[in-house]
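Colleague: Once you know that position 157 of the sequence shown is 157 in the working numbering, the rest is easy, because the numbers rise by one and skip nothing.
Built from N, CA and C at the ideal position, the CB exists for glycine as well.
Sharing a structure here in C-alpha cells format.
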Amino acid sequence: MPQTNPPPSILTLEVLQQFRIIYGSMRQYFREVEERCGISGAQAWALQEVERSPGIRIGTLAERMGIHQSTCSLLVDKLTHDDLLEKRRGQSDRRSIGLYITERGRTALRTLPGPAEGLLPDALSRLPEVALKTLQINLSELTRQLPGRSDAFAGMPLADLLNNDDGRHERPAR
Numbered sequence: 001m002p003q004t005n006p007p008p009s010i011l012t013l014e015v016l017q018q019f020r021i022i023y024g025s026m027r028q029y030f031r032e033v034e035e036r037c038g039i040s041g042a043q044a045w046a047l048q049e050v051e052r053s054p055g056i057r058i059g060t061l062a063e064r065m066g067i068h069q070s071t072c073s074l075l076v077d078k079l080t081h082d083d084l085l086e087k088r089r090g091q092s093d094r095r096s097i098g099l100y101i102t103e104r105g106r107t108a109l110r111t112l113p114g115p116a117e118g119l120l121p122d123a124l125s126r127l128p129e130v131a132l133k134t135l136q137i138n139l140s141e142l143t144r145q146l147p148g149r150s151d152a153f154a155g156m157p158l159a160d161l162l163n164n165d166d167g168r169h170e171r172p173a174r
C-alpha cells in the first residue's frame, strides 16, 4: 500500500504562501527591470557596484554580489560587449584589470524602478541583525530538508534563477 503524507498544516500553507509572495515579487521586479532598462537584474546590480567603486576588480565584484567568480566574469563580458562597462589595465600594475561604467551603463541605471541589487537583498539589508540571524538559522534548517538540494545555486544571481522562463530548470555544474 503506497504511503500517503498527511495534508499540510495551516502554518505550513501560510509559510508556503509567504515564499510565493517573495518569489512572485522578485520575478515581477526583475521583469520590470528588463523592460525599463533592457538589462537583467544581475547586470543592473553589477553596474551599480562598478559605479560605486570605479576600477573594481572582477573578484571583488563577485564577492560583493555573492556570486561565483566565473559567473561574474561572464556577466562582465556581456556588459562589456554591450558597451555598458569597460575594462582598463591598471597604471602601476598592467596585469590588473579594473572595471568602469560607461555613459550607456549610467543611462541604464537611471531607469531602474528600484534597488539595483533587487528587492530581496534590499529588504534583507534593512532587517535588524537579530531577525536576519534568526532567518539564516531557520533557512539553513529548511534547506537541509530539501531533497536534491544543490549548493551550487548559492553562487548564481537570483535574477538569472528567476528569469529561466523557457520551462527548463537548469542545475548548475558542481
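#1: May I have the straight-line CA-CA distance separating residue 150 from residue 26, to the nearest angstrom?
#2: To which residues of the same chain is residue 57 closer than 8 angstroms at the C-beta, ignoring the five residues directly before and after it?
#3: Take residue 64 and list the residues in its own chain whose beta-carbon comes closer than 6 angstroms to its own, dropping the five residues that flank it on each side.
#4: Do the stretch 78 to 97 and the stretch 36 to 44 meet, that is, are 3 or more Cβ pairs less than 8 angstroms apart?
#5: Where in the stretch 103 to 156 do unbroken runs of the alpha helix (DSSP H), each at least 4 residues long, occur, reported from the N-terminal end onward?
#6: Can you give me the C-alpha to C-alpha distance between residue 8 and residue 15, rounded to a whole angstrom?
#7: Suppose contacts are defined by Cβ-Cβ distances below 7 angstroms. Is residue 44 in contact with residue 33 by that definition?
#8: Could you give the first and the last residue of the continuous alpha helix (DSSP H) run that contains residue 27?
#9: Thinking residue 29 and residue 119 are a contact (beta carbons under 8 angstroms), I'd like their distance in whole angstroms, please.
#10: Considering Cα atoms alone, identify which of 153, 4, 121, 51 is closest to residue 108.
#11: Just to confirm, is the Cβ distance from residue 122 to residue 113 under 7 angstroms?
#12: Let me know if residue 90 comes out buried or exposed under the rule of 16 or more other beta-carbons within 10 Å of its beta-carbon.
#13: Could you pull out every residue in the same chain whose Cβ sits closer than 6 angstroms to the Cβ of residue 72, ignoring the five residues on either side in sequence?
#14: Quick check on DSSP: helix, strand or coil for residue 66?
#15: Please classify residue 95: does DSSP put it in a helix, a strand, or coil?
#16: Closer than 6 angstroms by C-beta to residue 117: which residues in its own chain qualify, once you throw out the five before and the five after it? Chain order, please.
Modeller: Working from what's here:
#1: Residue numbering aside, residue 150 sits at position 150 when the sequence shown is read from its first letter. Residue numbering aside, residue 26 sits at position 26 when the sequence shown is read from its first letter. Rounded to whole angstroms, residue 150 to residue 26 spans 21 angstroms at the Cα level.
#2: As a position in the sequence shown, residue 57 is number 57, starting the count at 1. Within the same chain, residue 57 has close Cβ partners 96, 97, 98, 99.
#3: In the sequence shown, residue 64 corresponds to position 64, counting from 1. Closer than 6 angstroms at the Cβ level, and outside the excluded window around residue 64, lie 49.
#4: yes
#5: 103 to 110, 119 to 125, 129 to 144
#6: Here residue 8 is taken as the residue at index 8 of the sequence shown, counted from 1. Here residue 15 is taken as the residue at index 15 of the sequence shown, counted from 1. Residue 8 and residue 15: Cα-Cα distance of roughly 11 angstroms.
#7: Working through the sequence shown from its first residue, we reach residue 44 at position 44. Working through the sequence shown from its first residue, we reach residue 33 at position 33. Cβ atoms of residue 44 and residue 33: closer than 7 angstroms.
#8: Here residue 27 corresponds to residue number 27 of the sequence shown, with the count starting at 1. Its alpha helix (DSSP H) spans residues 10 to 37.
#9: Here residue 29 is taken as the residue at index 29 of the sequence shown, counted from 1. Here residue 119 is taken as the residue at index 119 of the sequence shown, counted from 1. So it is a contact: roughly 5 angstroms between Cβ atoms.
#10: Taking the first residue of the sequence shown as 1, we reach residue 108 at position 108. Answer by Cα proximity: 51.
#11: For the purposes of this step, residue 122 is taken as residue 122 along the sequence shown, with counting starting at 1. For the purposes of this step, residue 113 is taken as residue 113 along the sequence shown, with counting starting at 1. Contact flag unset, no.
#12: Against the sequence shown, residue 90 aligns to sequence position 90. Exposed, because fewer than 16 other Cβ atoms sit within 10 Å of the Cβ of residue 90.
#13: Numbered from its first residue, the sequence shown carries residue 72 at position 72. Only 58, 61, 62 meet the Cβ criterion.
#14: Within the sequence shown, the letter at position 66 stands for residue 66. Residue 66 falls in the coil class under three-state DSSP.
#15: Looking up residue 95 in the sequence shown gives position 95. Of the three classes helix, strand and coil, the one that applies to residue 95 here is coil, per DSSP.
#16: Position 117 of the sequence shown holds residue 117. Answer for residue 117: 45, listed in chain order.
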